[in-house]
RNA sequence: CGGGGCGUAGCGCAGCCUGGUAGCGCAUCUGCUUUGGGAGCAGAGGGUCGCAGGUUCAAAUCCUGCCGCCCCGACCA
């Protein structure tokens, strides 16, 4: 992409509405534009990042055996009357009427719709297990939207729903999601901690929130240090096998957010040098809720004994749009965003420092074509701004590499490369520079 | 939903107290000079001062109502 033809409106000053760093950086680097409280338009590079995160989530869900669908944003109120939630949900639900005066709503979540789909096709235990997910915009009319996309009213969420014949099988489904989530966050360059979450009236221990570590995070986490260092299980586990040991390895170590924290237990379960207190952002939540929806909505499964039982369900959410802000909170410096390679809007920026000088243009072009051919999705800065402005902007936007082509270097047959994350620079011949970036 | 704050050019702000020609920086446009970390000079354009009503000879400024946005708290991907 040529920057001169692109749309990447950066701002020198952050709009005063934005208070937290990720929100300021998202506005300044032209990722989003606010249209109303908690409602944002996604501009080109913001959209690219969002799509990349979405794709990571999709790949890991698929790997864990989930199957993608796409449910509508608008849902029928009647389905919610069946589950009993229509009246309970309150003002957070955006209610709409169509021209026939029929009650609709903009979905804040999709349990009702997925149960409606599931029940109309699946009747036998032989068709289980099933895990269906979608990545779709949700709307919750929050009392107080804030923190930019971290707490918007309209947000992109991956929500998965598992269906099983009994609780034992449902636990297996839960375990798959538990481990898949750790892999997702690891691929996004994040350190995530699964913490036990309140299960509400259902009870049991099958609910976890995933909190990514960021100094500016909104909630406090207390965890055994080994849990953080243990990291993700990786993609090459046997997803159909017994995952319980891998999950237990991680759930037996102490981890709690402030509302569930028990200081006395923390001291017993973690030796002093292993006790970690940090700030974080909740970016995922998984739980098992049995027949809470399948029972009232009559999603019945016939078992091997010929008896019908409501499907045992779980649901699993990842805040995709929230992760954009979360990654920035976890990874930035004074100059701007530092994207992990896996989600960066462009892999590398080719910086032409003297647009119009034939020899410089030629080298920049050559570098751009080579990086494009190598699949690095390069951005060619062919604008007529001064060098300082280009560097400042590219640092702000956080493109992982800069390949800098200037008249001095070209005269000597070299270019410069700079790694955004570390600031490390190297001056070397073009071929070597391309190799260093393309790996 | 309780408490607090703010709406003046695309962005950041001053002016309001004490009513009297709407300003500054950045950005934008034109020209010249510049060009390795947000250039310099000269010129230009851009505003129903959130909206409505009121007071007044006169309202960005004072009064009333409404709307929008932000922050703190209780709730959430």
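Numbering (the working numbering), first residue to last: 42 to 480.
Note that the Cβ used here is the ideal one computed from N, Cα and C, for glycine as well.
If you're wondering where the values come from, they're calculated on a predicted model, not measured in any experiment.
1) How far does the beta strand (DSSP E) with residue 401 in it extend, from its first residue to its last?
2) Tell me, which residues are paired with residue 489 by DSSP?
3) Where do the ends of the beta strand (DSSP E) carrying residue 469 lie?
4) Taking only runs that begin and end inside the segment 223-276, name each unbroken beta strand (DSSP E) of 3 or more residues, in chain order.
5) Near residue 114, what residues of its chain come up, given a Cβ to Cβ distance below 7 Å and the 5 sequence neighbours on each side ignored?
6) Using beta-carbon positions only, say whether residue 199 and residue 384 come within less than 8 Å of one another.
7) So what does DSSP say about residue 309, is it helix, strand or coil?
8) Can the beta-carbon of residue 437 be found less than 8 Å from the beta-carbon of residue 44?
9) What separation, rounded to the nearest whole angstrom, lies between the Cα atoms of residue 61 and residue 72?
10) Thinking residue 361 and residue 197 are a contact (beta carbons under 8 Å), I'd like their distance in whole angstroms, please.
11) Indicate, with yes or no, if the ligand FMN has a heavy atom lying under 7 Å from the CB of residue 79.
12) Are the segment 98-115 and the segment 80-87 touching by the rule of at least three beta carbon pairs closer than 8 Å?
13) Beta-carbon within less than 8 Å of residue 130's beta-carbon, same chain only, minus the 5 sequence neighbours each way: which residues are those?
14) Between which two residues does the beta strand (DSSP E) containing residue 343 stretch?
15) Tell me, please, which residues DSSP counts as bridged to residue 56.
16) Do three or more CB pairs link the segment 313-327 to the segment 258-277 at distances below 8 Å?
17) Count the other C-beta atoms from every protein chain shown that fall within 10 angstroms of the C-beta of residue 348, then say buried if there are 16 or more, exposed otherwise.
18) Less than 8 Å between the CB atoms is what I'm expecting for residue 330 and residue 366, so what's the real figure, rounded?
19) With a cut-off of 8 Å on the beta carbons, I'd call residue 190 and residue 320 a contact; round off their distance for me.
20) Using 10 angstroms around the beta-carbon of residue 386, count the other beta-carbons present and answer buried if the total reaches 16, otherwise exposed.
21) Let's see if you can read the secondary structure: which residues bound the alpha helix (DSSP H) around residue 192?
22) Residue 224 and residue 101: beta carbons closer than 8 Å?
23) Between the segment 213-224 and the segment 327-341, can you find at least three pairs of beta-carbon atoms closer than 8 Å?
24) Which value, in whole angstroms, describes the spacing of the CA atoms of residue 464 and residue 374?
25) Taking DSSP as the reference, what is the three-state secondary structure of residue 94?
26) Going by the DSSP bridge assignment, what does residue 151 pair with across the sheet?
27) Does the beta-carbon of residue 68 have 16 or more other beta-carbons within 10 angstroms, so that it is buried, or is it exposed?
28) So is residue 393 buried or exposed if we call it buried at 16+ other beta carbons inside 10 Å?
29) Excluding sequence positions up to five away, which residues of its chain have a Cβ less than 8 Å from the Cβ of residue 47?
30) In whole angstroms, give me the CA-to-CA distance for residue 158 and residue 295.
31) So who's on the other strand from residue 121, going by DSSP bridges?
In this structure, then:
1) Run containing residue 401: none in the beta strand (DSSP E); it sits in the alpha helix (DSSP H), 399-414.
2) Since the first residue shown for the chain is 42 and the last is 480, residue 489 is missing from the structure and cannot be characterised.
3) 466-469
4) 233-237, 248-254 and 260-265
5) 147, 148, 177 and 178
6) no
7) helix
8) no
9) 15 Å
10) 4 Å
11) The ligand FMN is absent from the structure shown, which contains no ligand whatsoever.
12) no
13) 121 and 149
14) 341-343
15) Paired residues: none, contrary to the question.
16) yes
17) exposed
18) So it is not a contact: roughly 28 Å between Cβ atoms.
19) Their Cβ separation, rounded to whole angstroms, is 18 Å, which puts residue 190 and residue 320 out of contact at 8 Å.
20) buried
21) It is not in any alpha helix (DSSP H) - residue 192 carries neither H nor E in the DSSP assignment.
22) yes
23) yes
24) 11 Å
25) helix
26) For residue 151, which the question treats as bridged, DSSP gives no partner whatsoever.
27) buried
28) buried
29) 85 and 420
30) 38 Å
31) None; residue 121 has no bridge partner.
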